[in-house]
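I have placed the structure first, in the form of structure tokens, so that the comments after it can refer back to it.
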Amino acid sequence: MKYRLKRYNSRLKGTVALESSKSESNRALIINALAGGKPSNIQNLSKARDTQTMLKLLGERHQVYDVKDAGTTMRFLTAYLAIKGEEATITGTDRMKKRPIGPLVDSLREIGATVDYLENDGYPPLKISVVKNQLKDHIAIPGNISSQYISALLMIAPCLENGLTIELTTEIYSRPYIQMTLDLMQAFDVETTFEGKIITVKSQKYLPTSYAIEGDWSGASYWYSFLSLSEKKGHLNLPGIRNYSTQGDQEISHIMYQMGIASHFESGKVKLLKRNEIKRSLSLNFRNCPDLAQTVMVTAAAKGITLEMTGLESLKIKETDRISAMRNELKKIGSTLEENNDQWTLTPTAELPKSVEIETYEDHRMAMAFAPLSMLMDVTINDPMVVEKSYPGFWEEVKKIGVTITG
């Protein structure tokens, strides 16, 4: 299946409907389940496939929990089943079976869970038995691994007989996502402390509560890109997101200011406006917001902005190897992405093609990151429905702003 986006060279204006935050939704669902709350306690829940998979799997007991391609669901449910499961198996797609889960499994084993690898050590599928006797209440784990491992452990910590102290042994990556988890735990009446590299959670009970999910800043990033690449003045309204957000991807408002977009926060929305000044070279660290990297790279490549980047290590173990995928697809518009140790350089092209065909590699963010190129050229997106993983209504919103889509 292919979608063909015809170049759109008119003025952008209007309101775009964002999906609710998948990161916040999935954390809230796990915590609500641990609190014994009803699913209806969580309002404005994301319609993303990952979240709907989580909702379904938490709704009833299973012998085998199939998370499909949902990485967050795999990691959070693995920890959840170590508290609530009964000899449960958790598995996923072939790609999921290649995404590492060893650090989380090692930590759960230290605490007292029995977790067995059913195929390859360090990777799903897993067989999990609950913690019967807590062996440790203090564990050490690197801070530069996926924050989802750390968040998974934090969410079950209050349910452990002796609570849990987590010592992060390295520099901390994706700190905003750890803080998001702690803030949500507090919303369900659990107290925590986070001092330096030590997070302490005492044994206590979650209390069911009503909670409304914020709009998704990751999804907002694509509309910043659309407006940034538009050749005419315009504006877009993005409702449902907050100025003071725990989502690390709010950083897009600061990055895109340097790429020509100003963010005006009003009651219950942000209004995006074009500005005249842009920077021709940027040095960016994506350590706390890796999901923004693809969008920013495409925008920079199309606007002639050179990027020096760090903090992209985790992109290699996402839905696809995003570094390799971006290198391949950016080459089609004449840009290069080069790696030197832990640094990456994007060098833009002097002249863009009139059309391009983009492979998506079964990765939702590849489709959405390259779609804004339709402001400058005709774009063909292969396998466009990968967006259902995080933003099912994306293409309808693209049509709403005026882009013609056929296919």
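The numbering of the sequence shown is the numbering used here, which starts it at 46 and goes up by one. C-beta atoms are modelled at their ideal positions from N, C-alpha and C, and glycine is treated no differently. Quick caveat: nothing in here was measured; it's all calculated off a predicted structure.
- Here Glu105 carries a coil assignment [DSSP, helix/strand/coil].
- Between Glu396 and Gly379, the C-beta spacing is below 8 Å.
- Three or more Cβ pairs closer than 8 Å define a contact, and the region 410-417 meets that threshold against the region 432-439.
- In summary, Met46 is exposed, with fewer than 16 beta-carbon neighbours lying within 10 Å of its beta-carbon over all protein chains present.
- Selection Ala127, Cys204, Ile217, Val109 evaluated against Pro170 yields Val109 as nearest (Cα-Cα).
- Taken in chain order, the complete beta strand (DSSP E) segments of 3 residues or longer contained in the region 195-260 are 209-213, 237-240, 243-246.
- Below 8 Å, enough C-beta pairs join the region 316-327 and the region 296-308 to call them touching: three or more.
- Restricting attention to Thr344, Ile201, Gln193, the CA atom closest to the CA of Ser248 is found in Ile201.
- Note on geometry: alpha-carbon atoms of Gly104 and Arg72 lie some 15 Å from one another.
- Here Ala338 is buried. Its C-beta has 16 or more other C-beta atoms within 10 Å.
- Boundaries around Ser70 are those of the alpha helix (DSSP H), 67-79, since no beta strand (DSSP E) includes it.
- Pairing Arg56 with Gly279 gives a Cβ-Cβ distance under 8 Å.
- For a cut-off of 8 Å, the C-beta gap from Leu205 to Ile156 is around 7 Å, short enough to register as a contact.
- Contact between the region 264-272 and the region 239-246 is absent, with fewer than three C-beta pairs closer than 8 Å.
- Around the CB of His309, fewer than 16 other CB atoms lie within 10 Å, so the residue is classed as exposed.
- In this chain, the beta strand (DSSP E) harbouring Met354 covers 351-355.
- Per DSSP, reduced to three states, the secondary structure at Phe310 is strand.
- The beta carbon of Gln303 sits closer than 8 Å to the beta carbons of Ile323, Lys324, Leu327 from its chain, once the five residues preceding and following it are set aside; these are given in chain order.
- Here DSSP, grouped into helix, strand and coil, assigns Glu402 to strand.
- The C-beta of Asn165 has fewer than 16 other C-beta atoms within 10 Å across all chains shown, which makes the residue exposed.
- In the DSSP assignment, Leu274 forms no beta bridge with any residue.
- A direct Cα-to-Cα measurement between Ile186 and Ile128 gives close to 20 Å.
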